[in-house]
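Mapped onto the numbering used here, the consecutive letters of the sequence shown carry residue numbers 19 to 307.
Backbone N, C-alpha and C fix where the C-beta goes; we use that ideal spot for every residue, glycine too.
These numbers were taken from a predicted model, which means no experiment stands behind them.
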Amino acid sequence: MSQTTSAPVASPAGFSDVKGWFWPADQLLFDWFLKRQDRAPEHSGDLLELGAYLGKSAIFIGGYLRPGEEFTVCDLFDSPAPDDPNGAEMDKSYSTLTRRAFEANYLAFHEDLPTIVQAPTSVIASRLKADSCRFIHVDASHLYEHVHGDIEAARELAAPGAIVAFDDFRAEHCPGVAAAVWGAVATMELKLICITGTKAYGTWGDAEPVRAELLDWLKSRTDLWHGVEEVAGAPLIRINGKKAQAPTPPQPLRPAPPKAPAEAEPAAQAPPAPARGLLARALGGRRRG
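Next comes the structure, spelled out in structure tokens:
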């Protein structure tokens, strides 16, 4: 595991304080896929995230790391982008991104950092063993050429039956992601299992058993709408998570101390009684008939 290498920055008090775009429906699906792997001993391997931003999804994934496994996060963080288009994308979307912030956020929830590869995601296939990862989250560049390369790397690194999640595959500002993901379905034997409003989930293994189990689980969820349609010759589960109830979030290692109760406001004093006139005092305060 990597160790923190820079001065500390403020840590989040809770999971909701970590900035990022990781919606309840996808939290539920990450939880479901990763727990399914826990129930199946044959689904062994490491965890991998390409593109981390400030660590929200990485914090979540790290909670499913099993003994003897490794969790690797690959991101440029503060490093220069490998080309001008990627540099422009970084400047526009991630100008506040730093490795220090990622580390502070992650260490608020986990004792150790994941293995951090601070480099373009194009290097990841040379850093990890082929067929070694059981769960891969692809959430780095939105540019077609880079996403296509990330998918090729994911295919090489995916263990048998691995699940791969692709972020922003249908966002209107990220057409390159959609082109790369659907291109992989058409030409790289990627089998999509389901899609949400923001992510696509697929495998290079046998998708049918996973789809069947997922459909059974979805039938029990009143907060997730789902439907199935044929796409590219295979069933695809569509999930609407607008009403999704997120699973229990990761808990900070050191919960923030409870806020001290606000000091009690001094009791309002009654206004002083108006001074009685001379006649009133002379009459002893008696009412006049």
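Proximity winner among the options, relative to residue i (alpha-carbon distances)
i    : options               : result
E231 : A28, A58, G32, P193   : A58
A224 : H61, I257, L68        : A small correction: the amino acid at residue 224 is Asp; Ala does not occupy that position in the sequence shown. Ranking H61, I257, L68 by Cα distance to D224 puts H61 first.
P193 : R272, I211, L161      : L161
G266 : F33, V27, V135, A28   : Going by the sequence as given, residue 266 is Thr instead of Gly. Residue F33 is the option with its Cα nearest to T266.
A262 : W41, P30, K209        : W41
S29  : R188, D168, A70, F120 : F120
K74  : V249, H166, Y124, D96 : Y124
I211 : E226, A204, G167      : E226
R229 : I255, L46, T240, T214 : I255
V27  : L52, A126, I77        : A126
P132 : F187, A70, T205, A183 : A70
I77  : V249, K37, D96        : K37
L72  : R54, K53, F95         : F95
Whole-Å CB distance - residue i paired with residue j, under 8 Å assumed
i    : j    : result
H128 : L68  : Not quite, the Cβ-Cβ distance comes to about 19 Å (not below 8 Å), so this is no contact.
T216 : D44  : 6 Å
R145 : A180 : No, R145 and A180 are not in contact; Cβ-Cβ is about 17 Å, not under 8 Å.
D64  : E88  : 5 Å
I134 : V91  : 5 Å
A218 : V246 : A218 to V246, Cβ: 15 Å. No contact.
L47  : T214 : 7 Å
D122 : P270 : Sequence check: residue 122 is Ala here, not Asp. No, A122 and P270 are not in contact; Cβ-Cβ is about 12 Å, not under 8 Å.
Cα-Cα separation, residue i to residue j
i    : j    : result
W39  : G251 : 31 Å
R118 : P253 : 43 Å
G105 : P98  : Note that G105 scores a pLDDT of 43, beneath 50, so its modelled location is shaky and nothing firm can be said.
K147 : L208 : 20 Å
P85  : S150 : 15 Å
E190 : S238 : 31 Å
I169 : A202 : 8 Å
P178 : A264 : 29 Å
D35  : T116 : 16 Å
A158 : W50  : 23 Å
W243 : K260 : 9 Å
D186 : R272 : 33 Å
Q136 : A183 : 21 Å
H93  : T139 : In the sequence under discussion, the amino acid at residue 93 is Asp, which differs from the His named in the question. Roughly 7 Å separates the two Cα atoms.
V197 : D241 : For the sequence presented, residue 197 should be read as Ala rather than Val. Going by the C-alpha atoms only, they are around 30 Å apart.
D130 : V249 : 42 Å
V195 : V165 : 6 Å
E167 : L52  : In the sequence under discussion, the amino acid at residue 167 is Gly, which differs from the Glu named in the question. One C-alpha to the other measures close to 25 Å.
W235 : R54  : 11 Å
M108 : L233 : For M108, the pLDDT reaches just 44, beneath the cut-off of 50, and the residue's location in the model is therefore unreliable, leaving the point undetermined.
I257 : L66  : 24 Å
R188 : P268 : 27 Å
S113 : E163 : Summary for S113: the model assigns pLDDT 48, below 50, so the residue's position carries little reliability; its value from the coordinates is reported in the next sentence. Near 22 Å, if we compare the C-alpha coordinates of E163 and S113.
8 Å Cβ cutoff, residue i in contact with chain C
i    : result
A262 : No chain C appears in this structure, which consists of one protein chain only.
Check: residue i C-beta below 7 Å from any heavy atom of the ligand NAP
i   : result
K37 : As presented, the structure is devoid of all ligands, the ligand NAP included, so that no description of it is given.
For the stretch 167-175 and the stretch 71-85, state whether three or more C-beta atom pairs, one from each stretch, are separated by less than 8 Å. no
If you scan the stretch 213-241 from start to end, which runs of the beta strand (DSSP E) of 3 or more residues do you find wholly inside it? 217-221
Would you list, in sequence order, the uninterrupted beta strand (DSSP E) runs of no fewer than 3 residues that lie entirely inside the stretch 111-151? Listed in chain order, they are 133-136.
May I have a chain-ordered list of the alpha helix (DSSP H) segments no shorter than 4 residues that lie completely inside the stretch 27-61? 42-57
Just list the alpha helix (DSSP H) runs in the stretch 153-204, keeping only unbroken ones of 4 residues or longer that don't cross its boundaries, in chain order. The stretch 153-204 contains, as complete alpha helix (DSSP H) runs of 4+ residues, the segments 162-175 (chain order).
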